[in-house]
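Those protein sequences? They're chains A and B, same order as listed.
Taking the numbering used here, the leading residue of the first sequence gets 1, the next gets one more, and so forth.
Taking the numbering used here, the leading residue of the second sequence gets 1001, the next gets one more, and so forth.
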Amino acid sequence: MLGNAIVTVLVPEQLDGENGGHLYGRFTNSKAHPIDERESYVIVVTSASSNKKPPIGCINNDSRIQTRRSTRNVWVELSTQPQIQLHSVRVSGDNVCLSEVNLVTYNCKEICESELISRKFLYREGDDHANNIVPYFVNSVQKDCKKTNSCWLVKTVLALLLVLTKTILYVTWMPKVLLEGLHYVLVNKFDYSSNLLKQTLLRIKQFETLEHELRENKRTLVAGRLLAMIAIDTLLGVSVVFLVSSHASLNDIYSIFCSSTKLLASSVQHLLEWLRGAPAGLKLNQPLTQALSAFFSYHVHLWRLYLDLADPVLRSLASVFFWLGMGGASVQVAILSDLMDLATLHLYCFYVYAARMHMLQISLLGSQWRAFRGRKWNPLKQRVDSYEIEGGHMSLIRVLTAVIFTLVIFLLPTTTVYYLVFVSLRIGLNTVRGILSLTMWALNINPLYLILLNLMDSNRMKGDIYFATQPIDNARARYPIASPLALHLHTWPTPLCEVLLYAHSDVFPAMPSPNWKAFFCSVVFGKELL
Amino acid sequence: MTEWSRVLWKKQPYPDNYVGDSFLRVSKKRREVTYGQAFYSATAVTQEICSCLILVAVFCGLSEGHMKAAGVLTFTAVLGVTGYFITRSQLRSSARDDIKLVCFYVALISCASPVVKSLTGSVATDTINACTTALLLLRIVHQDYGALVAIVNPTVSHNLGVFASVCLASRLGSDRDVFALMTLAVALFALFPGFRKYCRTKLGTTLDLFFTIVVVTVTAAGLWLYAAHLMPLLAFALVTCNGIIPALFVALQRHKQNIYGPWDEAQIEDK
């Protein structure tokens, strides 16, 4: 309850200056106060234009005329010139003394357009509304607001957008099914998640969400954000495509890509030659390093052959990618990321070989070191136990253990050098891929629309309410007997981070962050691959 | 008066706090060890040192070409068969199993030989020498000489010996030499300690002493022929191990203050 009054009247300030007419709105009351045995009332005036409901008051600018007593539940009389003033309030036929009335003026447009206010002041059906005014008030204003007509231009634009979205979804229905199948196969069989497929599927899901939001014919923040994001993305993509195609043709781009891949292959070859000798002055075990270097060089040679063979297929794929790039800048970044993966496939293979060798070595080292001291890992009790040697074949195992331990210790530097080289290459490539992922994420969550709204202090960002007293000039003349408490209801914008959290949906992906613990475990032990 | 005896369950005519002569019967200030006992126990260490030095001598001989691989192999085979027949009564496995075991050993070491040959190509000779010395010293430290202390770990000692021999063997020139040295190492470090234990426990003191003298003579001969620069080391080791340290031990014994009796600390068996 505001103050000690039993009636609160909320009046839109848009009524200031109106000539006459009836007032329409809603009202409710609460149960009797336990001590005073008085009921409290809330009267929300929403408009002065007629609708099908019965009026709850009228505008009476002539102070001398008193309208006839009405037997309705509540009757509010306002005078709107020169300012909004309360003339009289009647509840169940009886006049209420004005000193027990609160008069609150509010800006109807602000409350109507804001989405966030109804989230903050949640309206529940059975609550004591006369004592907890704000949710009831917000709910009544927004319900009555819906019936007012909005601008016809906005309506046509929304309808056009809805039709466009529906067509796009219809067209991409079949490709979506195919792409989903392909993505599933790639992830489950080859353990490879293609960025391009993910981005296209995400884009289609975004269109679905947009269509769902637009269908109810309201302008939500999520819909606005999605639209702005897709528009910016497509604009960037198309402009990049036109920029690039004005400088070089498709063939040029393809030959640049081919020559850079060949350059990569020959630099890997140089690297292996370097490792075969004494890299950085380290003395490696000659037979082992020569064997490894020969094996990897042969692999690079096979890779070169494969590239030459796959040339025509890649050429046709290149034009497909070029036209796909029209879909947006994020799709282009995804294509770039996938092409990079494809071009460095042999490096990934080398990393896998080296990692498996390293893992074998580390686990052998661990188990043989334990066996060296006469201990063994007990998997039942998950601890290290000692074990006794007896019998002939146990001494064979002992000799075998000692020999293997020695071999692993002496071959450790060579294999570690190879592993370190390939791990650092892999980490470098992963960093580049991570940067591309971050770019894609930033393009996908684009909060530019919300930032612009916040800067322009738009009504849709308002989420908070506070009351301020309004001084009444010449109170004695206006209210000779008693004066009501006059307040004004101001709205306040919600902070940007809360808006970002609110205007969130599944189609805005989470930020890709690396799992550092898994990363270090993988580098040191080699069990899982980076 | 009956003699006072140190029991609680008998009713004796003495007062409760009576201290008789036999009160301290259970305590012994120390267990006295004579010089002879100390010397005899130290021969175990001597045998171990000698076996390590035999390995080094054979390595020197092989690497300089004085010895042939076939000779080493015959020597090892003869020793192995002799030892096998002597300890025959103690072994629990049948002859067929043992022959299978020998075949496995031979197969394993001949497979490992080519790999071992090029293992330390990039390591300097000084490093190898220092490494081997340290490893053999550690082996002597950890070997089981019959004392029940925590530092004794026969597995570690055996593995260190094989590690040292792999270090040495990787310096040799041909596959055959590597195979011969590694077989000798396995015989010395895996089979010899068991044989020594058998001698010590079953054959009696005189035979054991005789055996020690045989081992020392063989070592001295080997070192004289192939690694003359290590003879002073052998002499020094023998003198310290068998002469100085037991004498020191016996002389300092009287400073020990252990009390042995029924209230000894419970010793929890670790293994």
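All residues carry an ideal CB built from backbone N, CA and C; glycine is no exception.
Computed from a predicted model, the values in this text were never measured in an experiment.
Please report the distance separating the alpha-carbon of Gln1253(B) from that of Phe1085(B).
Residue 1253(B) sits at position 253 when you count from the first residue of the second sequence. Residue 1085(B) sits at position 85 when you count from the first residue of the second sequence. Spanning the two alpha carbons is a distance of roughly 41 Å.
Whose C-alpha, out of Thr1046(B), Thr1034(B), Thr1120(B), Ser1051(B), is nearest the C-alpha of Leu284(A)?
Here residue 284(A) refers to the residue found at position 284 when the first sequence is read from its first residue. Closest by alpha carbon: Thr1120(B).
Kindly say whether Thr1155(B), judged by its beta-carbon, lies nearer than 8 Å to any beta-carbon of chain A.
Locating residue 1155(B) in the second sequence gives position 155, counting from the first residue. Chain A, which has a Cβ nearer than 8 Å to the Cβ of Thr1155(B), makes this yes.
Under 9 Å by beta carbon: chain D residues contacting Arg398(A)
Given the protein chain composition of this structure (A and B), no chain D is represented.
When burial is assigned at 16 or more other CB atoms within 10 Å of the CB, is Lys1010(B) buried or exposed?
Residue 1010(B) sits at position 10 when you count from the first residue of the second sequence. Exposed.
In chain order, what are the residue ranges of uninterrupted beta strand (DSSP E) at least 3 long that sit wholly in the stretch 1014–1086 of chain B?
Runs found: none.
Which stretch, first to last residue, makes up the beta strand (DSSP E) that contains Asn107(A)?
Along the first sequence, read from residue 1 onward, the residue named residue 107(A) stands at position 107. For Asn107(A), there is no enclosing beta strand (DSSP E), as DSSP marks it with neither H nor E.
Taking buried to mean at least 16 other C-beta atoms within 10 Å of its own C-beta, is Trp75(A) buried or exposed?
For the purposes of this step, residue 75(A) is taken as the residue at position 75 of the first sequence. So Trp75(A) counts as buried.
Mind checking who Ser47(A) pairs with in its DSSP beta bridge?
For the purposes of this step, residue 47(A) is taken as residue 47 along the first sequence, with counting starting at 1. BP columns for Ser47(A) point to Tyr24(A).
Taking the alpha-carbon positions, what's the Phe1210(B) to Gln1047(B) distance?
What you label residue 1210(B) is simply residue 210 of the second sequence in a count that begins at 1. What you label residue 1047(B) is simply residue 47 of the second sequence in a count that begins at 1. Distance between the alpha carbons of Phe1210(B) and Gln1047(B): 12 Å.
Residue burial classification, Val1019(B) (beta-carbon count within 10 angstroms, cutoff 16)
Translated into the one-based positions of the second sequence, residue 1019(B) becomes position 19. By the 10 Å Cβ count, Val1019(B) comes out exposed.
Measuring straight from C-alpha to C-alpha, what distance separates Phe1023(B) and Gly1146(B)?
Taking the first residue of the second sequence as position 1, residue 1023(B) is located at position 23. Taking the first residue of the second sequence as position 1, residue 1146(B) is located at position 146. C-alpha separation (whole angstroms): 33 Å.
Residues bridged to Tyr41(A) (per DSSP):
Locating residue 41(A) in the first sequence gives position 41, counting from the first residue. DSSP lists Val7(A), Asn29(A) as the bridge partner or partners of Tyr41(A).
Same chain, Cβ closer than 7 Å to Ile1245(B), neighbours up to 5 away in sequence not counted:
For the purposes of this step, residue 1245(B) is taken as residue 245 along the second sequence, with counting starting at 1. Only Ala1042 meet the Cβ criterion.
Determine the burial state of Thr469(A): buried for a count of at least 16 other Cβ atoms within 10 Å of its Cβ, exposed for fewer.
Here residue 469(A) corresponds to residue number 469 of the first sequence, with the count starting at 1. Note on Thr469(A): under 16 other CB atoms within 10 angstroms of its CB, so exposed under the neighbour-count rule.
Could one say the Cβ of Gly374(A) lies closer than 8 Å to chain B's Cβ atoms, at least one of them?
Numbered from its first residue, the first sequence carries residue 374(A) at position 374. Gly374(A) counts as touching chain B.
Step through the CB atoms of chain A and report whether any lies within less than 8 Å of the CB of Val1007(B).
Counting from 1 along the second sequence, the entry for residue 1007(B) is found at position 7. The beta carbon of Val1007(B) sits no closer than 8 Å to any beta carbon of chain A.
For chain B, check one thing: does any of its Cβ atoms lie closer than 8 Å to the Cβ of Lys283(A)?
Start at 1 with the first residue of the first sequence, and residue 283(A) comes out as number 283. Yes, contact with chain B.
For Leu103(A), collect the residues of the same chain with a Cβ closer than 6 Å to its Cβ; drop the 5 residues on either side in sequence, then sort them by chain order.
Position 103 of the first sequence, counting from 1, holds the residue named residue 103(A). A distance below 6 Å between beta-carbons, with the five flanking residues on each side excluded, links Leu103(A) to the following residues of its chain, in chain order: Val9, Leu86, Pro484, Ala486.
Under a three-way DSSP split, which group does Phe242(A) fall into?
Here residue 242(A) is taken as the residue at index 242 of the first sequence, counted from 1. Here Phe242(A) sits in helix by DSSP.
Whose C-beta lies closer than 6 Å to the C-beta of Leu365(A) among residues of the same chain, with five residues either side of it excluded?
Taking the first residue of the first sequence as 1, we reach residue 365(A) at position 365. Once the five neighbours on either side are set aside, the close Cβ partners of Leu365(A) are Val408.
Coarse secondary structure for Leu1138(B), derived from DSSP in three states
Taking the first residue of the second sequence as position 1, residue 1138(B) is located at position 138. The three-state secondary structure of Leu1138(B), taken from DSSP, is helix.
Would Ala533(A) and Thr261(A) qualify as a contact pair, given that the criterion is a beta-carbon distance under 8 Å?
The requested residue 533(A) does not occur in the structure, where chain A is confined to residues 1 to 530.
Does any residue of chain B bring its CB to less than 8 Å from the CB of Val384(A)?
The residue given as residue 384(A) occupies position 384 in the first sequence. It does not; no Cβ of chain B falls within 8 Å.
One or two residues paired with Tyr466(A) in a DSSP bridge:
Walking along the first sequence from the start, residue 466(A) turns up at place 466. Its beta-bridge partners are His490(A).
In this structure, how does DSSP classify Val74(A) when only helix, strand and coil are distinguished?
Reading the first sequence from its first residue, position 74 is the one you call residue 74(A). Reduced to three states, the DSSP call for Val74(A) is strand.
Give me the Cβ distance between Ile111(A) and Val141(A), rounded to the nearest whole Å; I'm assuming they're in contact under 8 Å.
Here residue 111(A) is taken as the residue at index 111 of the first sequence, counted from 1. Here residue 141(A) is taken as the residue at index 141 of the first sequence, counted from 1. About 5 Å separates the two Cβ atoms, so the contact holds.
Identify the contact partners of Ser508(A) in chain B, using a Cβ-Cβ distance below 7 Å as the criterion.
One-based indexing of the first sequence puts residue 508(A) at position 508. It is worth fixing the name first, because residue 508(A) is Phe in this sequence and not Ser. Against chain B, the beta carbon of Phe508(A) has no neighbour under 7 Å; the closest one sits roughly 56 Å away.
So Ser1157(B) packs on Leu1181(B), CB below 8 Å; how close in whole Å?
Stepping through the second sequence from its first residue, residue 1157(B) is reached at position 157. Stepping through the second sequence from its first residue, residue 1181(B) is reached at position 181. About 19 Å separates the two Cβ atoms, so there is no contact after all.
With DSSP collapsed to three states, give me the class of Pro12(A).
Along the first sequence, read from residue 1 onward, the residue named residue 12(A) stands at position 12. Under the three-state reduction of DSSP output, Pro12(A) falls in the strand class.
Kindly give me the distance between the Cβ atoms of Tyr254(A) and Arg315(A), rounded to whole angstroms, as I take these residues to be in contact under 8 Å.
The residue given as residue 254(A) occupies position 254 in the first sequence. The residue given as residue 315(A) occupies position 315 in the first sequence. Contact holds; Cβ gap of about 6 Å.
Since I believe Val138(A) is in contact with Phe121(A) (beta carbons under 8 Å), could you give me their beta-carbon distance rounded to a whole number of angstroms?
In the first sequence, the residue the question calls residue 121(A) occupies position 121. In the first sequence, the residue the question calls residue 138(A) occupies position 138. Indeed they touch by this definition, with Cβ atoms about 5 Å apart.
How should Leu202(A) be labelled, buried or exposed, when 16 other C-beta atoms within 10 angstroms of its C-beta is the threshold for buried?
Position 202 of the first sequence, counting from 1, holds the residue named residue 202(A). Under a 10 Å Cβ-count criterion, Leu202(A) is classified as buried, with 16 or more other Cβ atoms of the shown protein chains found around its own Cβ.
Among Val89(A), Met174(A), Val300(A), Ser79(A), the one whose alpha carbon lies nearest that of Val42(A):
If you number the first sequence from 1, residue 42(A) lands on position 42. Nearest of Val89(A), Met174(A), Val300(A), Ser79(A) to Val42(A), Cα basis: Val89(A).
Does the pairing of the stretch 1058–1071 of chain B with the stretch 1160–1180 of chain B give three or more beta-carbon distances under 8 Å?
Cβ pair count under 8 Å is three or more, so yes.
Note the first and the last residue of the continuous beta strand (DSSP E) segment covering Asn533(A).
Residue 533(A) lies beyond the residue range present for chain A, which begins at 1 and ends at 530; the question has no answer from this structure.
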